[in-house]
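> Before I ask anything, let me first share the structure, which is written out below as structure tokens.
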Amino acid sequence: MEPTRYAIIGAGLAGLTSAYEIRKTDPGAVIHVFEAEDRIGGKLFTVPFDSGPTDMGAEAYLALRSDATDFFTELGLADDLVSPSGLRSLVYSDGELRGLPAGGVMGIPASSDPVAHVVSAETAARIDAEATDAPSIDWEVGGDVSVGKLVTERYGAEVTDRIVSALLGGVYSCAAEDLGVRATIPQLAEALDELAEAGEKVTLSAAVRICEARRTPRDPGATPTPVFATFRHGYAQVYETLAEKSGADIHLDAFVSSVTRDLRGFHLKGPGVSTEAPYDRLIVATPAPTTAPLLREVAPAASAALKSVQLASSAVVGMRFDSDEGLPENSGVLVAIDEPGVQAKAFTFSSRKWPHIGARGGALVRASFGRFGDDALVRAEEDLLVDAALDDLQTITGFDGRAAGLSEIYVQRWFGGLPRYDETHLATVATVRAAVAEVPGLEVTGAWAGGVGVPAVIDDARAAVARVIQVG
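Structure, rendered in structure tokens:
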């Protein structure tokens with residue numbers, strides 16, 4: 009019996025996870041991975057700073073997702089997982105550094121208590137009166153609305169701009185107005201559904217309280233589980249291990265420009281794609297705008313739907329300083345979206361946040377720029393971007409990076425790095441999945457399909473493989 013032939017387009021986390029899962033399930037399979045770039049890893053990218061490996065894409069994952077930790081353990085990487093220092097994060101708002109509000113859901117509070125130090129007294133009073141004074145939210149069960157619209161209508165623009173957009177911007181490279189509640193904060197949408205279905209008054213504060221009540225209480229005597237984790241030598245450990253264990257033939261600089269299908273299987277064509285033999289199964293693990301034209305011939309309805317997905321661009325400036333004197337003893341700072349004169353959206357004080365990086369000496373800081381619809385600085389010349397990072401860092405923290413001995417710089421631009429998860433996104437994904445399901449042997453996966461974050465991408469890729477292998 010001839011081995012099953014699999015083609016995977018894209019050698020990012022989704023594509024490499026797919027290849028690994030196929031090898032586990034079908035050890036004799038022929039697996040070819042086609043990557044248009046000259047490296048694997050996609051949006052995971054570990055750079056070899058002189059002081060040690062440094063991630064310039066995703067830098068951590070949600071360790072509360074035990075499925076991801078179990079997966080990394082399966083890969084043999086458990087001993088290289090490291091936890092953060094636990095230092096508090098800050099938010100820069102109204103010209104001052106303030107503690108990042110705790111509790112709530114993605115910065116959305118149930119009362120004014122956790123945010124009173126960030127918002128005005130008028131806004132604090134509005135938050136506390138929302139449950140009684142504001143009318144019930146006209147919430148459609150199963151539907152979605154803009155996070156920014158919902159929070160601003162119920163609590164006011166200060167909560168949206170100073171807290172929620174700052175938090176969401178660091179994750180999604182979008183302002184709260186550009187993101188859907190169900191697409192990005194599904195637990196909050198489910199709580200709103202519950203209130204509406206029960207015929208109760210639907211308020212934002214009540215929904216947040218439901219979310220807070222559902223969190224698993226921590227045993228006072230137990231060791232706290234870190235919220236985040238990362239890898240001692242960077243995410244290169246993950247993507248290189250996946251590539252090795254998959255045993256796949258990985259073709260770099262191989263740009264697939266078209267996919268067709270006939271009775272023999274799937275046919276791939278494009279620069280650097282040398283194979284002409286058909287494939288029995290195909291997994292497309294590329295960003296939405298890349299996936300759309302690839303599906304034009306084999307799944308036209310899916311292709312058409314994907315054209316509506318818009319992308320946000322961002323840039324990360326990694327800076328190593330000889331001295332860390334004067335750098336705040338915090339893990340980082342988010343910048344309120346309404347803060348004038350500051351172009352960065354966040355700073356991560358990596359040498360403070362991660363003890364294994366701090367042990368290298370000096371200071372390592374990552375500056376982040378760019379949101380959906382605002383990528384001018386992402387496209388700026390490198391010198392301008394670095395100057396903006398240094399200037400904003402000094403404005404916000406007082407730390408003079410130039411005087412501290414700037415010894416290493418790396419600028420990574422992520423053009424179209426993340427999809428815009430707006431209030432129509434989940435419906436678009438459902439349309440795409442339904443259309444793809446009509447084509448035997450075809451699957452799609454990636455952050456646009458499964459959600460943002462390393463655990464979500466891994467989970468979606470594994471599910472895609474499980475479905476495609478079931479095809480007779």
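Just add 8 to the spot in the sequence shown (first one is 1) and you have our numbering. The C-beta atom is built at its ideal place from N, Cα and C for all residues, glycine as well.
1. Do you know offhand how far F407's Cα is from Y243's?
2. Determine the extent of the alpha helix (DSSP H) in which S154 is found, giving its start and end residues.
3. CB-CB under 7 Å to A92, same chain, minus the five flanking residues each way: which ones, in chain order?
4. Along the chain, where does the beta strand (DSSP E) containing Y100 start, and where does it finish?
5. At the level of alpha carbons, what is the spacing between R96 and P109?
6. T356 lies in the beta strand (DSSP E); which residues open and close that run?
7. What is the rounded straight-line gap between the Cα of A300 and the Cα of S120?
8. Just tell me which of V179, S213, A204 has its CA closest to the CA of P122.
9. To the nearest angstrom, how far is the alpha carbon of F57 from that of S282?
10. Distance, Cα to Cα, G378 vs M114?
11. If you drop the 5 nearest sequence neighbours on each side, which residues of the same chain put their C-beta closer than 7 Å to that of C182?
12. Which first and last residues belong to the beta strand (DSSP E) in which P427 is found?
13. So, is F329 buried or exposed, given that buried needs 16 or more other C-beta atoms within 10 angstroms?
14. What's the C-alpha gap between E305 and R475?
15. Taking only three categories from DSSP, how would you classify H40?
16. Assuming V419 and P448 form a contact by the criterion Cβ under 8 Å, report the distance between their Cβ atoms to the nearest whole angstrom.
17. Whole-angstrom Cβ separation of V444 and I258, contact assumed at under 8 Å?
18. Below 8 Å, how does it come out for the segment 411-425 and the segment 341-361: are there three or more Cβ pairs, yes or no?
19. Pull up the CB-CB distance for V437 and S376, whole angstroms please, since I reckon it's below 8 Å.
20. Measuring alpha carbon to alpha carbon, tell me which of R222, A293, A384, A129 ends up nearest G49.
21. Which residues mark the beginning and the end of the beta strand (DSSP E) in which E104 is found?
22. Just tell me which of A435, E333, W456, S359 has its CA closest to the CA of A411.
23. Considering only C-alpha positions, which residue in the set M327, P117, C219, T33 is nearest to G413?
24. From D346 to R170, what distance separates their C-alpha atoms?
25. Exposed or buried, K32, counting other C-beta atoms within 10 Å across all chains shown (16 or more means buried)?
26. Which runs of the alpha helix (DSSP H) at least 4 residues long sit entirely within the segment 164-200? Give them in chain order.
27. Could you check how far apart the C-beta atoms of G370 and S331 are, in whole angstroms? I think they sit under 8 Å.
28. On the premise that V462 lies in contact with A76, defined as a C-beta separation below 8 Å, what is that separation, rounded to the nearest angstrom?
29. Does the beta-carbon distance from A15 to Y287 come in below 8 Å?
30. By the three-class DSSP mapping on this structure, what secondary structure does Y247 have?
31. At 4 residues or longer, and completely inside the segment 105-143: list those alpha helix (DSSP H) runs for me, N to C.
32. State the DSSP-derived secondary structure class of V437, mapped to helix, strand or coil.
33. Ignore the nearest five residues each way along the sequence and tell me which others in D201's own chain have a CB closer than 6 Å to its CB.
34. Considering only residues of the segment 13-82, which uninterrupted beta strand (DSSP E) runs meet the minimum length of 3 residues and lie entirely inside it, listed in chain order?
35. Where do the N-terminal and C-terminal ends of the alpha helix (DSSP H) with H364 fall, by residue?
36. Starting from L212, trace the alpha helix (DSSP H) in both directions and tell me its first and last residue.
In short, the structure shows the following:
1. Distance between the alpha carbons of F407 and Y243 is about 28 Å.
2. Run containing S154: none; DSSP gives neither H nor E here.
3. Per the sequence shown, the amino acid found at residue 92 is Pro instead of Ala. For P92, where only same-chain residues beyond five positions count, the Cβ hits under 7 Å are P234, F236, S339, K361, W362.
4. 97-101 is the span of the beta strand (DSSP E), which, as asked, contains Y100.
5. Roughly 10 Å separates the two Cα atoms.
6. Per DSSP, T356 belongs to the beta strand (DSSP E) from 354-357.
7. Approximately 44 Å, taken between the alpha carbons.
8. With respect to the C-alpha of P122, the residue from V179, S213, A204 having the closest C-alpha is S213.
9. If you draw a straight line from the Cα of F57 to the Cα of S282, it is about 35 Å long.
10. Cα to Cα, the separation comes out at about 20 Å.
11. The residues are L176, A320, R379, F380, R428.
12. Residue range 414-427 is occupied by the beta strand (DSSP E) that includes P427.
13. Buried.
14. In a straight line, the C-alpha of E305 is about 21 Å away from that of R475.
15. DSSP, read as helix, strand or coil, puts H40 in strand.
16. Distance from V419 to P448 at the Cβ level is roughly 44 Å; contact not present, criterion being Cβ atoms closer than 8 Å.
17. The Cβ separation is near 24 Å, so there is no contact.
18. Result no; under three Cβ-Cβ pairs closer than 8 Å.
19. Wrong, their Cβ atoms sit about 26 Å apart, outside the cutoff.
20. The candidate whose alpha carbon is nearest that of G49 is A293.
21. Here the beta strand (DSSP E) through E104 covers 104-107.
22. Checking every option, the nearest Cα to that of A411 belongs to E333.
23. Comparing Cα positions, the closest option is M327.
24. D346 and R170: Cα-Cα distance of roughly 7 Å.
25. By the neighbour-count criterion, in which 16 or more other beta carbons inside 10 Å mark a residue as buried, K32 falls on the exposed side.
26. 173-180, 189-192, all fully within the segment 164-200.
27. Contact flag correct, Cβ pair sits at about 6 Å.
28. With 8 Å as the limit, A76 and V462 qualify as a contact, their Cβ atoms being about 6 Å apart.
29. Their beta carbons are under 8 Å apart, which means A15 touches Y287 by this criterion.
30. The DSSP-derived three-state label of Y247 is helix.
31. Fully enclosed alpha helix (DSSP H) runs of no fewer than 4 residues occupy 129-141 of the segment 105-143, in order along the chain.
32. Here V437 sits in helix by DSSP.
33. Here the set comprises V149.
34. Counting only runs of 3 or more, we get 13-17, 38-42, 54-57, 60-63.
35. First-last of the alpha helix (DSSP H) with H364: 363-366.
36. Unbroken alpha helix (DSSP H) run through L212: 212-221.
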